[in-house]
Every structure is written in structure tokens, then in C-alpha cells.
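Some notes on the structure that comes next.
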Amino acid sequence: MSELLAEAARARPEDGPRGTALLVSTQGGHLAQLLALRPWWEIRDRVWVCPDTPDVRDRLADERVVTSHSPTTRNVPNLLRNLLLAWRVLRRERPAVVVSAGAGVAVPFFVLAWLLRIPTVFVEVYDRVDSPTMTGRLVGPFTTRRVVQWDTQLDVYPDAVVVGPLL
Numbered sequence: 001m002s003e004l005l006a007e008a009a010r011a012r013p014e015d016g017p018r019g020t021a022l023l024v025s026t027q028g029g030h031l032a033q034l035l036a037l038r039p040w041w042e043i044r045d046r047v048w049v050c051p052d053t054p055d056v057r058d059r060l061a062d063e064r065v066v067t068s069h070s071p072t073t074r075n076v077p078n079l080l081r082n083l084l085l086a087w088r089v090l091r092r093e094r095p096a097v098v099v100s101a102g103a104g105v106a107v108p109f110f111v112l113a114w115l116l117r118i119p120t121v122f123v124e125v126y127d128r129v130d131s132p133t134m135t136g137r138l139v140g141p142f143t144t145r146r147v148v149q150w151d152t153q154l155d156v157y158p159d160a161v162v163v164g165p166l167l
């Protein structure tokens, strides 16, 4: 997994081998998936984009966090707010890669990252093995690399790379 993320992060030579990683997540299980990638992200400059919840505050207490707007599920006003947030954060941080395991907050970040030619990596959650997640479907066209955790998920995402369970 680390090699895959490192490859995506090096996709823009001007950022060097260890450019800033932007990790975009909602709370709970999606955040747990990204936290499991600690060996990869702990050696990099990084910025997190997450909602302001007790879970996020506790788990990312020593991290740099930009607060996203929540809830995101079928909430058009927050989608628009997160779209503006994504524009500001991506232009300010100029990350080498955007990584997310979902959920809805990932969509505006992946769309704008794609427009800005910033590589993206989407980590499909481990518990959805026979159908795509809503976020997985929405970010698909804007994803540089998609990773899944089970071989059976290749039936849903044939272009994905299996990395094994993260949790």
C-alpha cells in the first residue's frame, strides 16, 4: 500500500518525492481506514480535512486539521460549502496527492484535484464487498488510483489494486 501511495504522490515531479498529503475523511470508520495508513503518512507533511466531531478531535489531536462541513449525505448546501473549502485548501496547500476513504466530503476534493491535475487515491472501505459505495461511484472518474481491500471487490472495481485489509 505504501508503494502505491508513494507512486501517486510522485506523479507531479515539481512536488518532489514527499510532497504534502491531503487526507480527506469523515469521522468513524472512514477515518479509521486512513489512520491505518500511518506508516505512509507519518513521514510526510500532511493536512487532514475532517468534520469537527469528538471522534476527529480525539484521534487527530496532534495533527493539522481543516474543518469540513457536515453532514454531507444528500446535503446540497454542505456540498457547495465543501466545494469552496476544497478550492481554498487545494490552492493554498498544493498537495502532491489527495487520499480518501470517503465519505461525501471526498467528492468536491477529488473533482477539483482532478481539475488541478493533483493525483488522487480512493481507498474503498472494507465492508462493502459486492457493490460500490456512493462515494466510490461519484469519485470514480476523478480517481488516479483506486485501492480495495478484498479480491471480491475487484468484481465491482476491476481497475482497482488489492492491498489487503487495513483494519
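Under the working numbering, think of the first position of the sequence shown as 1, with each following residue one higher. C-beta atoms are modelled at their ideal positions from N, C-alpha and C, and glycine is treated no differently.
Ignore the nearest five residues each way along the sequence and tell me which others in F109's own chain have a CB closer than 6 Å to its CB. Within the sequence shown, the letter at position 109 stands for residue 109. Cβ within range, chain order: V24, A86, V98.
For my contact list, F122 and V105 are in at a C-beta cut-off of 8 Å; report their separation, rounded to the angstrom. Taking the sequence shown and counting its residues from 1, the one referred to as residue 122 is at position 122. Taking the sequence shown and counting its residues from 1, the one referred to as residue 105 is at position 105. Actually they do not touch by this definition, with Cβ atoms about 13 Å apart.
Are the CB atoms of A103 and T133 nearer to each other than 9 Å? In the sequence shown, residue 103 corresponds to position 103, counting from 1. In the sequence shown, residue 133 corresponds to position 133, counting from 1. Yes.
Count the other C-beta atoms from every protein chain shown that fall within 10 angstroms of the C-beta of G136, then say buried if there are 16 or more, exposed otherwise. Position 136 of the sequence shown, counted from the first residue, corresponds to residue 136. Classification of G136: buried, given that the 10 Å Cβ count is 16 or more.
From the DSSP output, in three-state form, read off P54 for me. Position 54 of the sequence shown, counted from the start, is the residue given in the question as residue 54. Correct three-state label for P54: helix.
Where does A37 sit, in a helix, a strand or coil, going by DSSP? Position 37 of the sequence shown, counted from the first residue, corresponds to residue 37. The sequence shown places Leu at residue 37, not Ala. It is coil, neither helix nor strand.
Since A21 and R44 are thought to touch, with beta carbons under 8 Å apart, how far apart are those beta carbons, to the nearest angstrom? The residue labelled residue 21 in the question sits at position 21 within the sequence shown. The residue labelled residue 44 in the question sits at position 44 within the sequence shown. Confirmed, Cβ separation roughly 5 Å.
How many Å lie between L112 and L90 at the Cα? One-based indexing of the sequence shown puts residue 112 at position 112. One-based indexing of the sequence shown puts residue 90 at position 90. Straight-line Cα distance between these residues: approximately 8 Å.
Leaving out five residues on either side along the sequence, give the residues of the same chain with a beta carbon under 6 Å from the beta carbon of W48. Counted from its first residue, the sequence shown places residue 48 at position 48. Excluding positions up to five away in sequence, the list reads L23, L60, E63, V65.
Across which residues does DSSP place F122 in a beta bridge pair? By one-based count along the sequence shown, residue 122 stands at place 122. The partner list for F122 (beta bridge, DSSP) reads S100, R146.
For D52 and W114, what's the separation of their Cα atoms in angstroms? Locating residue 52 in the sequence shown gives position 52, where the first residue counts as 1. Locating residue 114 in the sequence shown gives position 114, where the first residue counts as 1. Rounded to the nearest angstrom, the two C-alpha atoms are 26 Å apart.
Please identify the residue among H69, Q149, R128, R74 whose C-alpha is closest to the C-alpha of A36. The residue given as residue 36 occupies position 36 in the sequence shown. Looking at the Cα atoms, Q149 is the closest of the given residues.
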